[in-house]
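What follows is one structure encoded as structure tokens, with my remarks underneath.
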Amino acid sequence: MNKNEFVWNSQEGELTFDGAPALLFWDSAIELFLNTIEEISGSDVSTTVYEVTGFRMGNLVSSYYEGRTDVVELLNEYSDIYKSAGWGVFEIHDYSYEEKRAVVRIRNSWEHRIFKLAGKNKAGVLLPSHWAGIFSGLFKQDVWYKMTKSQQEGHEYDEIEIFPSTVTISHNIHELARKKEQESIMELEKKVEARTEELNSLVQELSSPVIPVLNGILVIPLIGQYNEERISNLMEKALVELTRLKAKYLLIDLTGIKQVDPYTIHGIQKLIQSVRLIGGQCFIVGVSAELSIQILSSNVKIEGIQSFSSLQQGVEYAIQQNGYELVKKN
8 MNKNEFVWNS
18 QEGELTFDGA
28 PALLFWDSAI
38 ELFLNTIEEI
48 SGSDVSTTVY
58 EVTGFRMGNL
68 VSSYYEGRTD
78 VVELLNEYSD
88 IYKSAGWGVF
98 EIHDYSYEEK
108 RAVVRIRNSW
118 EHRIFKLAGK
128 NKAGVLLPSH
138 WAGIFSGLFK
148 QDVWYKMTKS
158 QQEGHEYDEI
168 EIFPSTVTIS
178 HNIHELARKK
188 EQESIMELEK
198 KVEARTEELN
208 SLVQELSSPV
218 IPVLNGILVI
228 PLIGQYNEER
238 ISNLMEKALV
248 ELTRLKAKYL
258 LIDLTGIKQV
268 DPYTIHGIQK
278 LIQSVRLIGG
288 QCFIVGVSAE
298 LSIQILSSNV
308 KIEGIQSFSS
318 LQQGVEYAIQ
328 QNGYELVKKN
């Protein structure tokens, strides 16, 4: 058929095409195969898989004709081969061995038939990259392709421009690997960011709770290190609760603080000033000997701020200032 030899050995279940073992498939079977690859790999990965496969298939085809110098006649033979094998009608519209360029026109290819059957509105990449592989073998140089016309867009044929290029299949694979690696990193960063926000929210909820002790008296224990955000949340929470509960006294408990920096001390100072502006009073409680030395060494002025070594002392003092006294029950 068109100078191509098909031999069926029904006894052994073999088919040879021009002396080489071959297979026959329905278009629908190839469609299922391609769709499965895309379903498992995803669109971007499967596109690169198709291009790599097509390119290497093209290189394999050209290797069968190693040493042939009549390239124009060989390309005409390719056209007959593909027509005989059901690959569609291929025409070499333009060709230049010196410039390493070519233009291939394809009509009714199996890839177009499958895409049309599946209702896809994009052109395939396997056969264009296949021709890039063929011409890379014929030209002994890396070439790539560009689709200039497509039957999917209403043209009479697919037109593929072949040209010298530094883009290679190995380059495409490495680019894809880097892209997938970058996507994985970005996804991991998003998860870390989301987790960080969740933990920050949890820390804000658990740290520095405002605790009502007695009528008009609140305690706010400080825990851990404080930055600008935590100081701001601390002030907001303290002022809101002081106003909501109509409290007069706020005890800032430093029992849970082992080390204090000038920034935290300055934040406490701002909190005390803010509470005073709305008519409240602040005391510092839970000040250990070590902590008092750190505060004095910080060069932050805290004159006029009442402080106590324990929470109990601070609460008793606030009760007295509030007009009450603790009486032991008989």
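Going letter by letter, the sequence shown gives residues 8 to 337 in this note's numbering.
Using N, Cα and C, we set each Cβ at its ideal position, and we do this for glycine too.
Specify the secondary structure class of residue i as computed by DSSP and reduced to three states.
{"i": "Q18", "result": "coil"}
{"i": "Y152", "result": "strand"}
{"i": "E73", "result": "coil"}
{"i": "T366", "result": "This structure gives no information on residue 366, because the portion of the chain shown stretches from 8 to 337."}
{"i": "L303", "result": "helix"}
{"i": "L284", "result": "helix"}
{"i": "S295", "result": "coil"}
{"i": "S314", "result": "strand"}
{"i": "F170", "result": "strand"}
{"i": "T175", "result": "coil"}
{"i": "D51", "result": "helix"}
{"i": "F290", "result": "strand"}
{"i": "F146", "result": "helix"}
{"i": "D34", "result": "helix"}
If the criterion is Cβ atoms closer than 8 Å, does the pair residue i and residue j meet it?
{"i": "I227", "j": "L257", "result": "yes"}
{"i": "I167", "j": "W138", "result": "yes"}
{"i": "G126", "j": "N66", "result": "no"}
{"i": "R108", "j": "I176", "result": "no"}
{"i": "I264", "j": "C289", "result": "no"}
{"i": "T262", "j": "L318", "result": "yes"}
{"i": "G20", "j": "V132", "result": "no"}
{"i": "V150", "j": "S136", "result": "no"}
{"i": "S249", "j": "V199", "result": "Note on identity: in this sequence residue 249 is Leu, with Ser being the wrong assignment. For L249 and V199, no; Cβs fall outside 8 Å."}
{"i": "S48", "j": "V56", "result": "yes"}
{"i": "F97", "j": "V110", "result": "no"}
Round the Cβ separation of residue i and residue j to the nearest angstrom and send it over; I've been treating them as touching at under 8 Å.
{"i": "I272", "j": "I302", "result": "6 Å"}
{"i": "I285", "j": "L246", "result": "7 Å"}
{"i": "L134", "j": "I113", "result": "7 Å"}
{"i": "Y233", "j": "G274", "result": "6 Å"}
{"i": "N329", "j": "K255", "result": "7 Å"}
{"i": "S215", "j": "K197", "result": "Going by Cβ atoms, the distance from S215 to K197 rounds to 29 Å, so no, they are not a contact pair."}
{"i": "L145", "j": "S69", "result": "6 Å"}
{"i": "N11", "j": "I99", "result": "Contact flag wrong, Cβ pair sits at about 18 Å."}
{"i": "S116", "j": "D165", "result": "7 Å"}
{"i": "V267", "j": "L298", "result": "6 Å"}
{"i": "S314", "j": "P269", "result": "In fact, because the Cβ distance is near 17 Å, the residues do not count as touching under 8 Å."}
{"i": "L124", "j": "E38", "result": "6 Å"}
{"i": "I312", "j": "I279", "result": "6 Å"}
For residue i, is the beta carbon positioned less than 7 Å from some heavy atom of the ligand ZN?
{"i": "N66", "result": "Questions concerning the ligand ZN fall outside what the structure shown contains, since it holds no ligand whatsoever."}
Are the segment 150–167 and the segment 77–84 touching, with three or more C-beta to C-beta distances below 8 Å?
Taking a cut-off of 8 Å on C-beta distances, the segment 150–167 does not touch the segment 77–84, as fewer than three cross pairs fall below it.
Inside the segment 72–130 only - alpha helix (DSSP H) runs reaching at least 4 residues:
Counting only runs of 4+ residues, the alpha helix (DSSP H) found wholly inside the segment 72–130 occupies 78–91, 117–124, in chain order.
Please go through the segment 199–271 and give each complete beta strand (DSSP E) segment of 3 or more residues, from N-terminal end onward.
Listed in chain order, they are 218–221, 224–228, 256–260.
Should the segment 86–98 be called in touch with the segment 9–29, which here means at least 3 C-beta pairs below 8 Å?
Enough Cβ pairs lie closer than 8 Å, so yes.
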